[in-house]
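Reminder that position 115 of the sequence shown reads as 115 in our numbering, one-by-one numbering, no gaps.
Here the structure comes first, spelled out in structure tokens, and everything after it is commentary.
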Amino acid sequence: MQNWLKIVIILYLCLPPFGVAEEKTGDHSRYVQHVERGFVFMFQGGNQEAISEFEAALTIESEHAEILHYLGMAYAQEELLNKAVESYERSLTLMPDNIEALYSLGVAYFNLDKWADAVAPLQRVVELSPEHARGQEVLGKSLVKLRRYAEAIPVLKQALTLKPQAAGTYYELGTAYLNLKEYATAIENFKQAIAYGPARYADPHFGLGTAYLRLGDREKSRTEMQLFQQYQKEYAEYERLTRLTRNEPNNLEAWTGLASMLMTQKKYGQAIQVFQKCIELDPNNAHFYHGLSRAFMNLNYPKHAVEAARKAIQLNPSEAILYNTLGSVYAMQGDSQNAIAAFQKAVELDGEQPYYHLNLSRLYQGMGNQRLAQEHYRVYEYLLSKQK
1 MQNWLKIVII LYLCLPPFGV AEEKTGDHSR YVQHVERGFV FMFQGGNQEA ISEFEAALTI
61 ESEHAEILHY LGMAYAQEEL LNKAVESYER SLTLMPDNIE ALYSLGVAYF NLDKWADAVA
121 PLQRVVELSP EHARGQEVLG KSLVKLRRYA EAIPVLKQAL TLKPQAAGTY YELGTAYLNL
181 KEYATAIENF KQAIAYGPAR YADPHFGLGT AYLRLGDREK SRTEMQLFQQ YQKEYAEYER
241 LTRLTRNEPN NLEAWTGLAS MLMTQKKYGQ AIQVFQKCIE LDPNNAHFYH GLSRAFMNLN
301 YPKHAVEAAR KAIQLNPSEA ILYNTLGSVY AMQGDSQNAI AAFQKAVELD GEQPYYHLNL
361 SRLYQGMGNQ RLAQEHYRVY EYLLSKQK
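What follows is the structure, given as structure tokens:
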């Protein structure tokens, strides 16, 4: 609703002033039609079509700062950054203190690795709007890229007062302190980046490894660098699989690999979508339904998890782990009787798996049946000792 309100406001601003000559209204109507279509395409993700419509509108009426800004945004979405810069600059000649156009220009320059050019528009953003967290953040990052670390620190700190859980800002602040040889403060900020960042966020581990090395703690440095290398490899593989699934949408092997990686990274929401695509391509594969069940379970959607686990069992009724997962979901729901039945079936199919017995032991313990709880726990300990 907000987006459409914005469109209405912009279109209102684009109307001709009272008293425009009658013969010009036809051209203006065509201008408005192009703008309307441009916004519809843009909000539907059709950036190339939006570009065509906005360009057509601007050939009719060229002096519209807001439309030039939106044209730049569409160019940026298509990674046509030099054209985006041109559009933003044209917009700013008409409306020099448009905060969002200034910010967009700074971001475009930053993404073009023209960090020095990014600084001026971003500084103007924070002058006009000191509470503009995004402007403070990108300005700070630009200053770090330019190795102006002492200047970057207060900017990044201000960004964190506005967005206190911004992992990337903590990472940039850690980098600034690291280069100023304030290693303890750098470590503190890198740890905050890890705490607030996505799972398996690689870059702060490199910063930590470097800081620990300079402090002479080689063991901690080695550990952090190993994590950095591991997460970097995972990210590269994620990028490869994502690109492969985009270019080859029926490549089941790629979708399967991507699903497995997302589960490892605990990105369960994305994993659900990928497992659903796998099921679309191979609807009789029990393992995809099992993965879907586990993803739903980790997001605390037990009803959907039960449905997926049951479907997996229907497709492959002799696989023990499917019953174990079903039992775990029933236990999550507090349905002890069905959970016990599912865990017992798992043990029946594979009595040598210690964790099936552990699950039964815990369930019986919660129900107050100490005898069966202890019996299954002893089996668990015995089977676990055999694996060592």
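All C-beta atoms, glycine included, are put in the ideal place defined by N, C-alpha and C.
Residue i - DSSP class collapsed to helix/strand/coil
{"i": "Leu5", "result": "Note on Leu5: pLDDT 35, under 50, position unreliable in the model; no value is reported."}
{"i": "Gln383", "result": "The question names Gln, yet the displayed sequence has Leu at residue 383. Leu383: helix per DSSP, three-state reduction."}
{"i": "Gly216", "result": "coil"}
{"i": "His132", "result": "coil"}
{"i": "Ala199", "result": "coil"}
{"i": "Gln230", "result": "helix"}
{"i": "Asp389", "result": "Residue 389 falls outside the range modelled here, since the chain spans only 1 to 388, and no answer is possible."}
{"i": "Met225", "result": "helix"}
{"i": "Asn179", "result": "helix"}
{"i": "Leu112", "result": "coil"}
{"i": "Pro96", "result": "coil"}
{"i": "Glu22", "result": "With a pLDDT of only 43 at Glu22, under 50, the local geometry of the prediction cannot be trusted, and the value read off the model is given with reservation. Note: Glu22 maps to helix in three-state DSSP."}
With 16 other Cβ atoms within 10 Å as the buried cut-off, status of residue i
{"i": "Arg371", "result": "exposed"}
{"i": "Asp203", "result": "buried"}
{"i": "Lys141", "result": "buried"}
{"i": "Thr256", "result": "buried"}
{"i": "Phe43", "result": "exposed"}
{"i": "Lys233", "result": "exposed"}
{"i": "Ala364", "result": "Residue identity check: residue 364 is Tyr in the sequence provided, not Ala. It is buried - the Cβ of Tyr364 has at least 16 other Cβ atoms within 10 Å."}
{"i": "Gly72", "result": "buried"}
{"i": "Gly327", "result": "buried"}
{"i": "Asn250", "result": "exposed"}
{"i": "Tyr273", "result": "According to the sequence as given, residue 273 is Gln; it is not Tyr. The residue is exposed, with fewer than 16 neighbouring Cβ atoms inside 10 Å."}
{"i": "Lys266", "result": "exposed"}
{"i": "Ser293", "result": "buried"}
{"i": "Pro96", "result": "exposed"}
Limits of the unbroken alpha helix (DSSP H) element including residue i
{"i": "Ala166", "result": "That residue, Ala166, is in no alpha helix (DSSP H); it is neither H nor E in DSSP."}
{"i": "Arg148", "result": "Run containing Arg148: none; DSSP gives neither H nor E here."}
Ordered list of alpha helix (DSSP H) runs contained in the segment 42-84, each at least 4 residues: Taken in chain order, the whole alpha helix (DSSP H) runs of length 4 or more contained in the segment 42-84 are 47-60 and 65-77.
Inspect the CB distances between the segment 82-92 and the segment 101-113 and report whether three or more fall short of 8 angstroms. When C-beta atoms of the segment 82-92 are compared with those of the segment 101-113, three or more pairs fall below 8 angstroms, so the two segments count as touching.
If we require 4 or more residues per run, which alpha helix (DSSP H) segments fall completely within the segment 310-380? Fully enclosed alpha helix (DSSP H) runs of 4 or longer: 320-333, 336-349 and 354-367.
Closer than 8 angstroms is the cut-off here; do at least three beta carbon pairs connect the segment 132-139 with the segment 157-165? The answer is yes - the segment 157-165 touches the segment 132-139, with three or more Cβ pairs under 8 angstroms.
Any 3 or more C-beta pairs closer than 8 angstroms across the segment 214-226 and the segment 193-201: These segments do not touch.
So, do the segment 206-221 and the segment 273-287 have three or more beta carbon pairs nearer to each other than 8 angstroms? Under the Cβ criterion (8 angstroms, minimum of three pairs), the segment 206-221 does not count as touching the segment 273-287.
If you scan the segment 237-322 from start to end, which runs of the alpha helix (DSSP H) of 4 or more residues do you find wholly inside it? If we require 4 residues or more, the alpha helix (DSSP H) runs fully inside the segment 237-322 come out as 252-264, 268-281, 286-298 and 302-315.
Contact between the segment 64-78 and the segment 45-52 (3+ Cβ pairs under 8 angstroms): Output reads yes: the segment 45-52 touches the segment 64-78.
When you compare the segment 299-318 with the segment 328-346, are there three or more beta-carbon pairs, one atom per stretch, that lie closer than 8 angstroms? Segments in contact, yes.
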